[in-house]
Amino acid sequence: MTSAERLFREHGFAATTVREIAADAGVSTGSVMAVGDKDGLLVSVFDDWIAAVHQARGEPEAFGGSPEEAADAIMGVFAPFLAYFARDPQLSREYTSIIVRGTHTSEIFGDLAVALVAELGAVLSGIGMTPTESARGARVMYFAYLGIIMTAGNFAAISRSPLEQIRETISFVLSAHHTRDP
1 MTSAERLFRE HGFAATTVRE IAADAGVSTG SVMAVGDKDG LLVSVFDDWI
51 AAVHQARGEP EAFGGSPEEA ADAIMGVFAP FLAYFARDPQ LSREYTSIIV
101 RGTHTSEIFG DLAVALVAEL GAVLSGIGMT PTESARGARV MYFAYLGIIM
151 TAGNFAAISR SPLEQIRETI SFVLSAHHTR DP
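Residue 117 in UniProt numbering sits at position 117 of the sequence shown, with consecutive numbering throughout.
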């Protein structure tokens, strides 16, 4: 995967061949193809990186802080992913187009989604949201995050940066809790 990611970033996804990846990795083309086609390799590159971030974080910890601190903590959850996608917008567009086509599955909709929603829910619970509210708020933020990263590389006609859009979503979820009727 290291060779695939490096070559995709250096030469571009379209210009990189499976043969080049195999030669760079010192393995046969068949060994690379056993992992998957080029689209599958790109999905694996992104999924492996996202999984490594989640594994490094471990289990979500209980959060106890103000809504402002919660907003910062939630931005901290999203920040590495947003930075990774912003690192190479062209490669991110290739990845999202593969995901949208539905020809390859991604862990961002499976175990990684569960982990991210759990992290977000732990922060929301820490500011006093009920389990139902925190689960609902975490899902809203997760789906907004997916939409933002899937459209950011396509220069969607939204005047705010992806970071500003995520922060706006977080503020909306937190204010919905703060302004609800007791």
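Virtual Cβ for every residue (Gly too), placed ideally from N, Cα, C. Being a predicted model, the structure only gives us computed values, none of them experimental.
CA-to-CA distance, residue j to residue i, given in whole angstroms
i	j	result
glycine 147	valine 173	16 Å
alanine 52	histidine 177	32 Å
aspartate 181	leucine 41	Note that aspartate 181 scores 47 on pLDDT, short of 50, meaning its location in the model is unreliable; the coordinates nonetheless yield the value given after this. Roughly 49 Å separates the two Cα atoms.
arginine 9	valine 100	21 Å
alanine 73	glutamate 94	30 Å
aspartate 24	serine 66	50 Å
Test item: CB-CB of residue i and residue j under 8 Å
i	j	result
aspartate 47	serine 106	yes
glycine 137	leucine 124	yes
histidine 104	valine 43	yes
phenylalanine 63	glycine 128	no
isoleucine 170	phenylalanine 81	no
alanine 34	isoleucine 21	no
valine 77	glutamate 119	yes
Of the residues the options, the one placed nearest residue i, counting alpha carbons only
i	options	result
valine 140	Glu68, Gly121 and Ile127	Gly121
arginine 19	Ala4, His11 and Thr29	Thr29
leucine 86	Thr16, Pro162 and His54	Correcting the residue identity first, residue 86 is alanine in this sequence and not leucine. Taking only the C-alpha atoms, the option nearest alanine 86 is Pro162.
histidine 11	Met33, Asp88 and Pro80	Asp88
aspartate 111	His54, Ala79 and Ala70	His54
Exposure label - residue i; buried when at least 16 CB within 10 Å
i	result
proline 131	exposed
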